[in-house]
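Just so we're aligned, residue 3 is where the sequence shown starts under the numbering used here, counting upward by one. For reference, the structure is listed below as structure tokens.
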Amino acid sequence: MANPDTFHLDLRNVGTEVKTFEHALGDDFFKALEQEEILGGNIKVTLKIREAAGDIFQLDIAANGTVRTVCDRCLEEVVLPVDTAERVRLAGNDEGGSDADTDTILLERNATGFNAAWLIYEVIATSLPTERTHAPGECDADMLGRISGIADAQDGEGGNEDNN
Ligand SMILES: [Zn+2]
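What follows is the structure in structure tokens.
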């Protein structure tokens, strides 16, 4: 299983030919990152990197599998599918023009490496739906009862606005 250090890319050894890396992400990967949004998961990640120009790298990240997060409705764990792909540009300098369709990440000056772990996490997290819930009827009924009890007690005005 991959940990965040697995995704340290040695930029000196990236050539103009595409290099492909495949790794499996498990709960340890998500726990090792400083985040609380994704509790764990089982993801196959494929990285493709090539040097597109001097100190400009093209990185393709594809992630497939499932993650566990908290259900917005009942606050219990929910398993959500992940099937996403994203292309980013790593730029060691700001020459070479930018491409409006591709996000550019500026590398530190004279960077010889880049750790893609957080970027991979972000690609996965942003691919999740804004509303993360169980399928209809599959929420934890007990939790729902308790939550609506709390809401009723707090909400004397009777409004039930869902502001996300
Ligand atoms: Zn739920």
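Ideal Cβ placement from N, Cα and C applies to all residues, glycine included. Predicted model only: the values in this text are computed from it and were never measured.
Not one heavy atom of ligand 1 falls within 7 Å of the beta-carbon of residue 90.
Spatial neighbours of residue 75 in its own chain (CB-CB distance under 6 Å, excluding positions within 5 residues in sequence) are listed in chain order as 135, 141. Taking 8 Å as the cut-off, the beta carbon of residue 94 is found no closer than this to the beta carbon of residue 126. Here residue 46 is not near residue 62, since their CB atoms are 8 Å or more apart.
Listed by position in the chain, the residues whose beta carbon lies within less than 7 Å of some heavy atom of ligand 1 are 73, 75, 76, 78, 80, 135, 136, 140, 141, 142.
Classified as exposed, residue 147 has fewer than 16 neighbouring CB atoms from the shown chains inside 10 Å of its CB.
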